[in-house]
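In our numbering, the protein residues as written are 699 to 819.
Even for Gly, the Cβ is constructed at its ideal location relative to N, Cα and C.
Here is the structure we will look at, set down as structure tokens.
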């Protein structure tokens with residue numbers, strides 16, 4: 699997929715977010731979660747992540763039942779990890795039933811100590 703096609707697809711996905719994505723976005727937008735900026739439907743390589751905190755290299759994916767035992771997700775996650783991202787996945791049901799628990803898990807991941815990308819010699 700060419701860059702312009704991917705950009706247009708991401709824009710289309712932002713315009714047509716699922717109800718579950720919309721519910722989570724209400725908690726992530728405008729730096730509401732610990733002051734971290736999240737972007738929605740963020741292109742990374744050949745993929746488009748549901749939500750991404752680029753500064754902290756964290757991607758949040760919201761999955762429905764079609765993702766149960768999906769090998770494509772493991773391939774996608776491996777690619778994203780090679781790009782330096784951490785990936786969190788939540789089921790649609792969890793986001794709807796316990797949005798504050800999901801936000802707490804995301805905040806916890808953002809607070810984790812990570813090794814410095816350029817350690818001193």
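query                                                                                                                 : result
Give me the Cα-Cα distance between residue 737 and residue 750, rounded to the nearest whole angstrom.                : 5 Å
When DSSP labels each residue in this structure, what does residue 797 get in the three-state scheme?                 : helix
Return the first residue and the last residue of the alpha helix (DSSP H) that residue 777 is part of.                : 769-780
Looking at the secondary structure, which residues open and close the beta strand (DSSP E) in which residue 760 lies? : 756-761
With DSSP collapsed to three states, give me the class of residue 739.                                                : strand
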